[in-house]
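Undergrad: Per the numbering used here, the sequence shown starts with residue 4, numbered consecutively.
Supplied in C-alpha cells, the structure appears directly below.
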Amino acid sequence: MDGVTDGGVYNQDVTVNFSNGTAVLNGSLITTGESVSAEGHYTLVVTSISGKTKTIQFTIDKTAPIVTGVTYGSTYLPNIQISFNEGTATLNGYPFTSGSTVSAEGLYTLIVTDSAGNTTTVEFTIRLPIVSYDSNGGTAVPPENVAYNGAATPPSDPTRTGHTFEGWYEDSRLTTVYDFTTPVTADISLYAKWIVNSTGTPTNPDNGGGSPGVNENNGGSPPVKEKESEEENTAEAEEHNESSEPAPDPSISVTDIAGHWAKAAIIKAIELGVVTGYADGTFQPDKRINRAEFMTMLGRALKLPDSQDRLSFSDTNEIPAYARPYISQGVKLGIISGYADGSFAARKELSRSEMTAMIVRAGGIEVMPDAKLSFADAEDIPSWAVPYIAAAVDKGLVEGVGRHRFAPQQTATRAEAVTLVLALLEDR
Numbered sequence: 004m005d006g007v008t009d010g011g012v013y014n015q016d017v018t019v020n021f022s023n024g025t026a027v028l029n030g031s032l033i034t035t036g037e038s039v040s041a042e043g044h045y046t047l048v049v050t051s052i053s054g055k056t057k058t059i060q061f062t063i064d065k066t067a068p069i070v071t072g073v074t075y076g077s078t079y080l081p082n083i084q085i086s087f088n089e090g091t092a093t094l095n096g097y098p099f100t101s102g103s104t105v106s107a108e109g110l111y112t113l114i115v116t117d118s119a120g121n122t123t124t125v126e127f128t129i130r131l132p133i134v135s136y137d138s139n140g141g142t143a144v145p146p147e148n149v150a151y152n153g154a155a156t157p158p159s160d161p162t163r164t165g166h167t168f169e170g171w172y173e174d175s176r177l178t179t180v181y182d183f184t185t186p187v188t189a190d191i192s193l194y195a196k197w198i199v200n201s202t203g204t205p206t207n208p209d210n211g212g213g214s215p216g217v218n219e220n221n222g223g224s225p226p227v228k229e230k231e232s233e234e235e236n237t238a239e240a241e242e243h244n245e246s247s248e249p250a251p252d253p254s255i256s257v258t259d260i261a262g263h264w265a266k267a268a269i270i271k272a273i274e275l276g277v278v279t280g281y282a283d284g285t286f287q288p289d290k291r292i293n294r295a296e297f298m299t300m301l302g303r304a305l306k307l308p309d310s311q312d313r314l315s316f317s318d319t320n321e322i323p324a325y326a327r328p329y330i331s332q333g334v335k336l337g338i339i340s341g342y343a344d345g346s347f348a349a350r351k352e353l354s355r356s357e358m359t360a361m362i363v364r365a366g367g368i369e370v371m372p373d374a375k376l377s378f379a380d381a382e383d384i385p386s387w388a389v390p391y392i393a394a395a396v397d398k399g400l401v402e403g404v405g406r407h408r409f410a411p412q413q414t415a416t417r418a419e420a421v422t423l424v425l426a427l428l429e430d431r
C-alpha cells in the first residue's frame, strides 16, 4: 500500500493505493487509486484477502496558519503584539513565539509554517523614530518620539554652569546645525554645542579699548576661547560615552525582555559577561547596535587581552573609552578596520553584512572566495562581503530574513547581535 503513511500530515490531495483486499476510509468503502481531497483526520483500514488488517491514520490540512496583529504591507507603531494559531515562526530569520511583541523600528518578514508545510508570510514595517539629545555635560534632555516623516519639536535649552548654549548639531564633531523642520524617518542623535563664558575683559588691539567677551557672535571672545570650548565638548562627550556601557555585572536583572524571542540568549550573554543591561534596569533588546558596541561584545565574548595601543583614527576622540581596548585588539587581529577617509565611525550602526564579516573574522572561519550566494537579493550584497556571508551560512551562523532574502544593508539590534555572538561561541 502507498500514497499515505501512518501519522502523515498533507497539504494537498492524496491518492490511496493498495494491491489486494478491501479498504475502508472513515467507515466508508473505497477503491484503490481513489483520491482524497477534503481536509480532516482520516482512519484507513485495509483488509487483505487472507484477513489481515492494517490501520493508517493521516491528516489533510490545506489551510495556512492565521496571523493576527499585523497584515501584509502595513506600517505600525512600536510594541505591536503578534499571534498565530498554529505552527512555528521566524521573524527576520530568528525564532519567534506567538504572543510576543515587536518594538524596534524597521522592516520585518514573519513566516509561519504549520506541520503540513503550509506557510503564511507577512511583511510589515514599524516606524516611530526617536530623537535623542546628548547635552554634552549640560542638563539632561529627554528623548522625543516623532511620527514617521514628521518633524521634531525643539526642546527647552539645556543649561551648563559657565557655558552658553549654542544649539543642537547633527554630528558629534559639532559641524552641522540641525534643522528642526527636517522630516524624521529614522532614529537620530543630536549634540549640544557650548561656548565657554569669558571671565575677563580682553583687550581689543584694533581700538585699544575693551569689549566684553561673551561669545563668538559679538566678536569679543579671543580665538583661544573657541578652541577651549571645542576641547571641552569633546571631553564631555567622551565622559558621556564612557558611562553608556558599564562593565558587565551578572547579578544585574533586566526588566524589558519578558516574552522577547531572544530572552534566553540575553540572559546567557549577561551571565557570561558578554553584555550588560542599562542603569535603569532595561536591556533594550531592539535597540540598534553600533560598531563600538559590537566590537566590545566580541572582545568580551572572546576574552581578548586588554590593549593600550594608541588608536590613530581621525575620530579617535569620539570612540568611547570602554570600547578602545577592544577596538585596538580588533584592529590588530584584523576583525575590524577603519574607513578610507581615516575615520573609525564608532557610532555608525552595523549592517548585517558588516556584522557577519566581523563574526567570521573573529571566529577564524575560513572564507569562501569563490562562493555564489543563492539569496533572492544576492545582487545587493557587496562583493567584499560575499565570501564572509557564504562562510557564515555554511557554518549555520546566519540565514535569510524571509522570502529567501539576506537583507545585507539591514541594521542589527542588540538582541540579534547577542544571538550571533553566542552562536559563534557554541561553534568554537
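Built from N, CA and C at the ideal position, the CB exists for glycine as well.
Note that the coordinates shown come from a computational prediction; the quantities given were computed from them, not determined experimentally.
Going by the beta-carbon positions, is the gap between G165 and N200 smaller than 7 Å?
TA: As a first step, residue 165 is located in the sequence shown; it is residue number 162 there, counting from the start. As a first step, residue 200 is located in the sequence shown; it is residue number 197 there, counting from the start. It is a contact, given that the beta carbons lie within the stated cut-off.
Undergrad: Cutting at 7 Å between CB atoms, please list the residues of its own chain near E245, excluding the five before and the five after it.
TA: Numbered from its first residue, the sequence shown carries residue 245 at position 242. No answer about E245 holds up, because its pLDDT of 39 lies below 50 and its placement is not dependable.
Undergrad: State whether the segment 345-353 contacts the segment 363-379, with contact taken as three or more CB pairs (one from each stretch) at a distance under 8 Å.
TA: Output reads no: the segment 363-379 does not touch the segment 345-353.
Undergrad: In chain order, what are the residue ranges of uninterrupted beta strand (DSSP E) at least 3 long that sit wholly in the segment 20-61?
TA: Entirely contained in the segment 20-61, the beta strand (DSSP E) runs reaching 3 residues are, in chain order, 25-28, 31-33, 37-39 and 43-50.
Undergrad: Between the C-alpha atoms of V421 and A41, what's the straight-line distance to the nearest angstrom?
TA: Reading the sequence shown from its first residue, position 418 is the one you call residue 421. Reading the sequence shown from its first residue, position 38 is the one you call residue 41. Going from the Cα of V421 to the Cα of A41 covers about 46 Å.
Undergrad: What does K196 pair with, by DSSP beta-bridge criteria?
TA: Position 193 of the sequence shown, counted from the first residue, corresponds to residue 196. Note: K196 sits in a beta bridge opposite G170.
Undergrad: Hey, is the segment 76-86 in contact with the segment 124-132, meaning 3+ C-beta pairs nearer than 8 Å?
TA: Enough Cβ pairs lie closer than 8 Å, so yes.
Undergrad: Tell me which residues share the same chain as E241 and place their Cβ nearer than 7 Å to its Cβ, disregarding the 5 neighbours each side in the sequence.
TA: As a first step, residue 241 is located in the sequence shown; it is residue number 238 there, counting from the start. Bear in mind that the predicted position of E241 carries a pLDDT of just 39, short of 50, making it unreliable; the figure below should be weighed with that in mind. Hits under 7 Å: N320 and A324.
Undergrad: Of the residues L113, L301 and T66, which one's Cα is nearest the Cα of A92?
TA: In the sequence shown, residue 92 corresponds to position 89, counting from 1. Selected option, being the one with the closest Cα: L113.
Undergrad: Per DSSP, what kind of secondary structure is S417 in: helix, strand or coil?
TA: Translated into positions along the sequence shown, residue 417 becomes position 414. Sequence inspection shows Arg at residue 417; the Ser mentioned does not correspond to that position. If DSSP states are grouped into helix, strand and coil, R417 belongs with the helices.
Undergrad: Please state the DSSP three-state secondary structure of F87.
TA: The residue given as residue 87 occupies position 84 in the sequence shown. Reduced to three states, the DSSP call for F87 is strand.
Undergrad: Determine the direct distance from the alpha carbon of V17 to that of T58, and round the result to whole angstroms.
TA: Taking the sequence shown and counting its residues from 1, the one referred to as residue 58 is at position 55. Taking the sequence shown and counting its residues from 1, the one referred to as residue 17 is at position 14. Cα to Cα, T58 sits roughly 16 Å from V17.
Undergrad: Could you give the residue range of the alpha helix (DSSP H) that holds T299?
TA: In the sequence shown, the residue the question calls residue 299 occupies position 296. Counting along the chain, the alpha helix (DSSP H) containing T299 begins and ends at R294 to L305.
Undergrad: Mind pulling the beta strand (DSSP E) runs of 3 or more residues that sit fully within the segment 139-186?
TA: The qualifying runs are 166-172.
Undergrad: Pull up the CB-CB distance for R176 and W197, whole angstroms please, since I reckon it's below 8 Å.
TA: Within the sequence shown, the letter at position 173 stands for residue 176. Within the sequence shown, the letter at position 194 stands for residue 197. The Cβ separation is near 14 Å, so there is no contact.
Undergrad: Where do the N-terminal and C-terminal ends of the beta strand (DSSP E) with G109 fall, by residue?
TA: Taking the sequence shown and counting its residues from 1, one reaches residue 109 at position 106. First-last of the beta strand (DSSP E) with G109: G109 to T116.
Undergrad: A379 and S356: beta carbons closer than 7 Å?
TA: Counting from 1 along the sequence shown, the entry for residue 379 is found at position 376. Counting from 1 along the sequence shown, the entry for residue 356 is found at position 353. For A379 and S356, no; Cβs fall outside 7 Å.
Undergrad: Applying the 10 Å Cβ sphere with the 16-neighbour rule, what's the burial state of S331?
TA: Taking the first residue of the sequence shown as 1, we reach residue 331 at position 328. With 16 or more Cβ atoms within 10 Å of its Cβ, S331 is classed as buried.
Undergrad: Is the distance from the Cβ of G141 to the Cβ of P157 below 7 Å?
TA: Along the sequence shown, read from residue 1 onward, the residue named residue 141 stands at position 138. Along the sequence shown, read from residue 1 onward, the residue named residue 157 stands at position 154. Not closer than 7 Å, so no.
Undergrad: List in chain order: all unbroken alpha helix (DSSP H) runs of 4+ residues lying wholly within the segment 312-358.
TA: Those alpha helix (DSSP H) runs which fall completely within the segment 312-358 and span 4+ residues are 327-336.
Undergrad: Starting from the Cα of K351, find the closest Cα among D383, A415, L301 and G337 and give me that residue.
TA: Reading the sequence shown from its first residue, position 348 is the one you call residue 351. Closest by alpha carbon: A415.
Undergrad: Using DSSP with H/G/I as helix, E/B as strand and the rest coil, what is R364?
TA: Numbered from its first residue, the sequence shown carries residue 364 at position 361. It is helical.
Undergrad: Does DSSP put S77 in a helix, a strand or coil?
TA: Numbered from 1 along the sequence shown, position 74 holds the residue referred to as residue 77. Here S77 sits in coil by DSSP.
Undergrad: Buried or exposed for G399, please, with buried defined as at least 16 other CB atoms from any protein chain shown within 10 angstroms of its CB.
TA: In the sequence shown, the residue the question calls residue 399 occupies position 396. Exposed: under 16 other Cβ atoms inside 10 Å.
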